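As structure tokens, the structure follows; a few thoughts come after it.
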Amino acid sequence: MAINKKVHILGFAGSLRKQSYNKAILAAALEMVPENTTLEIFDLEGIPPFSQDLEHQPLDKVKEFKSKIRASDAILIATPEYNYSIPGVLKNAIDWASRPYGDNAFDGKPVAIMGASIGTLGTARAQYDLR
């Protein structure tokens with residue numbers, strides 16, 4: 236990657252909650268990106284439950300998500316931890332973005348994972364599962 240190239244990062248939170256801690260840390264990251272870097276935050280709200288019957292004709296929200304992933308240089312995922320793992324909304328979004336077979340929007344993209352939680356282990360188990 237050229238030194239002067241502007242780096243575009245796509246970030247999204249694995250929570251739909253309006254007051255999500257993970258949306259808050261993405262907002263904090265937005266204010267901390269270095270020069271020559273942009274962070275675009277995508278809201279997973281509106282991505283329908285994954286259906287293999289629909290993967291070849293996804294809804295517009297899914298098309299937009301995959302397009303934004305492809306247009307980015309890197310991905311930043313902020314995940315809460317639900318029941319010792321990643322939330323269903325995040326798993327669902329990953330399923331849509333990585334399907335159908337051979338059309339994985341994440342292919343070749345570096346991904347960073349962070350998370351915030353009030354639990355004693357934070358989001359360690361969710362981050363472990365997500366990697």
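Each position in the sequence shown, counted from 1, maps to that position plus 235 in the numbering used here.
Every residue gets a Cβ at the ideal spot worked out from N, C-alpha and C, and that includes glycine.
This one's a predicted model, so the numbers in the text were calculated from it and none came from an experiment.
So, is residue i buried or exposed, given that buried needs 16 or more other C-beta atoms within 10 angstroms?
i, result
"G350", "buried"
"S286", "exposed"
"P322", "buried"
"G249", "buried"
"K240", "exposed"
"T355", "exposed"
"T272", "exposed"
"L294", "exposed"
"I244", "buried"
"A313", "buried"
"I353", "exposed"
"R334", "buried"
Taking the continuous beta strand (DSSP E) assigned at residue i, which residues delimit it?
i, result
"F277", "T272 to F277"
"L245", "V242 to A248"
"I312", "A309 to A313"
With a Cβ-Cβ cutoff of 9 angstroms, do residue i and residue j count as a contact?
i, j, result
"K253", "D308", "no"
"L311", "A359", "no"
"I282", "V297", "yes"
"F300", "A262", "no"
"P315", "Y256", "yes"
"N327", "P284", "yes"
"Y319", "A259", "no"
Taking 8 angstroms as the cut-off, is the beta-carbon of residue i closer than that to any non-hydrogen atom of the ligand ZN?
i, result
"S286", "Ligands displayed in this structure: none; no statement on the ligand ZN is therefore possible."
Which residue marks the beginning of the alpha helix (DSSP H) containing residue i, and which one marks its end?
i, result
"D295", "D295 to A306"
"L261", "Y256 to M267"
Would you grab the beta carbon distance between residue i and residue j for me? Rounded to a whole angstrom, and I think it's under 8 angstroms.
i, j, result
"L274", "L265", "5 angstroms"
"L279", "V324", "6 angstroms"
Where are the beta strand (DSSP E) runs, 3 residues long or more, that stay fully inside the region 323-365, in chain order? Whole beta strand (DSSP E) segments, 3+ residues: 346-349.
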